[in-house]
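One structure below.
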Amino acid sequence: MSSPISPSTGCPEYELWRRGYGVIEHTDTTCEHVQILASRLVAAGLQPDTATVYRKLADLDRLTSAGMWLVVHMTYANRVDSSGAPLAAKDFKCNPEGHTGGALNMVPAYAAYMVLNNLTGRTRSWLMGQGHCVAAIDALNVLTSNLLPEQHKRYTGTDGLSRMVADFYSYQQKPDGSTAAPLGSHVNPYTAGGIIEGGYLGFAELQYAHMPLPGESLIAFLSDGAAEEQRGSDWIPRWWRAADCGLVMPVMIANGRRIEQRTELGTREGLERFEARLAALGFDPFRFDGRDPAAFVCALAEMENSLQYRSDRALEGELSYPVRIPYGIAETVKGFGFYGAGLNPAHNLPLPGNPRLDVRARELFQKHASRLWVAPQELAQSVLRLKEHEQQSRPLERDHPLAKRNPPDLAIPVIAACHEPVSPMRAVDDFFRALVAQNPELRARVGNPDELASNRLTGVLEDLKHRVNDPENDSESVDGKIITVLNEEAVVSACLANKAGINLVASYEAFCVKMLGAIRQELIFARHQKAVGRPARWLGLPVIATSHTWENGKNEQSHQDTTFCESLLGEMSDVSRVLFPADYNSTLAVLPSVFTGRGTISCMVIPKRNRPCVFDTHEAEALARHGALVVDEDTSGDEPILLIANGAYQLSEAIRACERLRETGTSFRLVYMQEPGRFREPRDTLEADICMTEIERERLFPSRLHRRVALTHMRPEVFRGHIHTLFPNPSQSRILGYINRGGTLNEAGMLFANRCSWGHALAACASVLDKPPGEWLSSAELAAVEGRGDPTLITRGLP
């Protein structure tokens, strides 16, 4: 292909780049864009002359080729030979593994990101939705020495690259069972600059608009497979605002394939339909050559310049929202650059056999890898010209702004206690609006998939307002801080992404289940960061499950689901808190630790209906510190029975049961458990740091009290399983909770239907004490509890 007539013709550096390198070729269109970019960089004073730009783009070709060469070795080989000599059969892995095709496609994208930073003297942030393509990131990071300490120690030096390829999918473990190599199948805390695992496709698309602050830029590498996930990614123009969002450059790697078949975007018609749909939703889509790293550089630079221009116009009031967001579509084939490109096997193992055992596969590996090889000295010179971080006084890509999030400590508001029956959600409303007001430098986000007013967050709604393009009432604003849409994944992602600010998510408990995938991805990444000694520094995020199972009976059983808190209780308790504040004061007392706990997500199950204030300020603070509190006890008689309540309505039932026990002279102790995870048997040392010691557990739950009855918000089996050490003798303990019974019922009806009422609690006490329940229940009440009588004898007087 002949080069276009241009001022660059005859420039040796331009001609060097124009020839391409290995499998990399440059179209006439890309050549034109490169010349325009080079002129702009020089005019802006960012580069001394166009020849320097062309020389660096030629270096980019070599870096890209070397990155692809290393990626295919990571999949198939146990060692590399930097001289390019063929490998022997024994040099290949017994069981090759890797997401090879997607990683090959990501090499030119990530290499272009690094070189754009060099050309402009500015380190942008990046994320990759397709985390299984991490081999591309690790390969280029190693080649450019953009490494965190663990990888730097292991993968630099004479045999560093061979150790790296051998480590990839080696499955080696340390004595404690953890992974031995600082390398993984997905983005992880060893991945320099990695901020999201990308294991669940689709969540990066929901988050990227909410990540950068004004003055920052974020390049989001996205997957065409993820375009088939939830549609919330289509709404990015709906949320982006110049006043509180940095520049975002989404780039889809359109390679046209899932694991075993084409995506819809793998057809010309599908890609055109997708492009038209993006345009209709407020994006400004365009396609470019996804096989050419220079095309990526030009596309990213143009996207950033375009959005910066629109951002400035919007801030001046010359553009209205939604502002059109540039969206790059990098057209390529899966596994470009190596054997099998564009075919289904390219996703994982493109070769027709294992090179260790198959001569033909070995020959194919060598043939196609040799086209990617770069002489070590030539590569070293290219890398040297492309780094220049010290000369440009900018951080390495591993230290981009989003990777180093560390918001300042919060100013915590002081809110007066309450003594009258009131909704515990009112405490959230009072505290959060004061927290936002006292910390104006921190960007606020509220994730709301249903009704703020119904969930008693009226003050938050009044202050922060729904974010809309065209307000129609006083609760809406163009610059509102509340992200409201009937898509739970989208709203929780808006807050998970806002790691520079203060966040709150509130939803019906039953619908929180739809958020679990996004939350679990975040928890896993934060826990891994903590485990390697670089804990996340973002401020704690409460996800509030209200309008919950026990008070949402009127909406049928689809609205009665305790799965959310049960699932998060299964995660590691030092990063995943599960809290059940029972009243206004206990909610108010625990909120400061929820927001100041760095790198922690807290599931808070909170009633929205008015509840009596059981705890005064002192008691609520003690409950927040210790996770449980003795509410009442009468030890005047024989061995007391230990009652444990977990959940606001369960506490009320337990208190009523204790009244009967006291009336009959039966000794008891009632403990309210607000944070069950602190009383589990810790699963590792990090979790042990937040769990109560044996002495502290003994103080609240004396081992001499053998007979125990618990009432829990959750399913009984889940509660017993997580804190099984508190119930050492099953024959002397009973757990009452949600047993999957519901319908159109009120709160009292839900408690009765699930055998979790005060009457059922007394029957359980009789069972563990080997006494007749008639000591505490009348014959009519007992008949009701046993399913033979009138339920109203138990439910009357209840809310």
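At position 86 of the sequence shown (counting the first as 1) the number is 835 in our numbering, and the numbers step up by one without a gap.
We treat Cβ as the ideally placed atom computed from N, Cα and C, and that holds for glycine.
Note that the structure is predicted; figures quoted are calculated from it, not measured.
Residue environment analysis places Glu1447 among the exposed positions, since fewer than 16 neighbouring C-beta atoms fall within 10 angstroms of its C-beta.
Here Leu889 is near Gly816, since their CB atoms are less than 8 angstroms apart. Nearest to Val1217 by C-alpha distance, out of Ser1226, Leu1210 and Val1458, is Ser1226. For Pro1034, same chain residues with a beta-carbon under 7 angstroms away, outside a window of 5 residues either side, are Glu1024, Leu1027, Ala1028, Tyr1076 and Ile1078 in chain order. A direct Cα-to-Cα measurement between Val1195 and Asp1219 gives close to 19 angstroms. Ranked by how close their Cα comes to the Cα of Phe1045, the residues Leu1526, Pro857, Glu1300 and Leu853 have Pro857 in first place.
Burial state of Pro924 is exposed, judged by a 10 Å Cβ sphere holding fewer than 16 other Cβ atoms. For Arg1457, the enclosing beta strand (DSSP E) has its first and last residue at Arg1457 to Thr1461. Rounded to the nearest whole angstrom, the C-alpha separation of Gly948 and Glu1368 is 42 angstroms. A distance of 8 angstroms or more separates the beta carbons of Val914 and Ala958. Counting along the chain, the unbroken beta strand (DSSP E) around Gly1077 starts and ends at Ile1074 to Glu1080.
The beta carbon of Ile1472 is closer than 7 angstroms to those of Pro1425, Phe1428 and Arg1429 in its chain, skipping five residues each way along the sequence. In this structure, Glu1237 lies away from Thr1298, with their beta-carbon atoms at least 8 angstroms apart.
By a beta-carbon distance limit of 8 angstroms, Ala1377 contacts Gln1423. Their separation comes to about 6 angstroms. In the structure shown, Trp875 falls within a strand segment according to DSSP collapsed to helix, strand and coil. Close CB contacts of Glu762 within its chain, under the 6 angstroms cut and outside five residues either way in sequence, are with Ala800, Tyr803 and Arg804 (chain order). Each of Glu1412, Pro1341 and Glu1190 was checked against the Cα of Ala992, and the nearest Cα belongs to Glu1190. Gln1130 and Gln922 have their C-alpha atoms spaced approximately 37 angstroms apart.
In the DSSP annotation of this structure, the continuous segment of the beta strand (DSSP E) that includes Phe1417 starts and ends at Phe1417 to Met1422. Around Pro1104, the same chain offers Tyr825, Phe841, Ala1110, Arg1111 and Phe1114 as residues with beta carbons nearer than 6 angstroms, after the five sequence neighbours per side are excluded. Straight through space, the alpha carbons of Leu1290 and Thr1415 are spaced by roughly 43 angstroms. Excluding sequence positions up to five before and after Leu962, its CB lies within less than 6 angstroms of the CB of Gly995 and Ala1249, all in the same chain and listed in chain order. Straight-line measurement puts the Cα of Ala1166 at about 54 angstroms from the Cα of Thr869. Contact between Glu946 and Gln1270 is confirmed by a C-beta separation of about 6 angstroms, below the 8 angstroms threshold. By the neighbour-count criterion, in which a residue is buried when 16 or more other Cβ atoms sit within 10 angstroms of its Cβ, Val1163 is exposed. For Asn1097, the CB contacts under 8 angstroms within the same chain, skipping 5 residues up- and downstream, are Glu846, Gly847, His848, Thr849, Gly850 and Ile1008 in chain order. Here Ser1482 is near Arg1457, since their CB atoms are less than 8 angstroms apart. Gly1039 is not a Cβ neighbour of Pro1071, given a cutoff of 8 angstroms. The closest CA to that of Lys1136, considering only Thr1474, Phe1085, Thr1544 and Thr893, is found on Thr893. For His1215, the beta-bridge partners assigned by DSSP are Glu1225 and Ile1231.
A Cβ-Cβ separation of about 17 angstroms leaves Ile1543 out of contact with Ser1516 under the 8 angstroms criterion. Per the coordinates, the alpha-carbon of Pro1094 lies some 55 angstroms from the alpha-carbon of Leu1500. Residue Val1327 holds the alpha-carbon nearest to the alpha-carbon of Ile1293 among Asn1301, Glu1388 and Val1327. Between the beta-carbon of Val1324 and that of Pro1330 there is about 20 angstroms, and that puts the pair past the 8 angstroms contact cut. Assignment of beta strand (DSSP E) within the stretch 1230-1259, counting only whole runs of 3 or more residues, yields 1231-1233 and 1251-1257 in chain order. Per DSSP, Asp916 is one residue of the alpha helix (DSSP H) stretching across Gly909 to Asp916.
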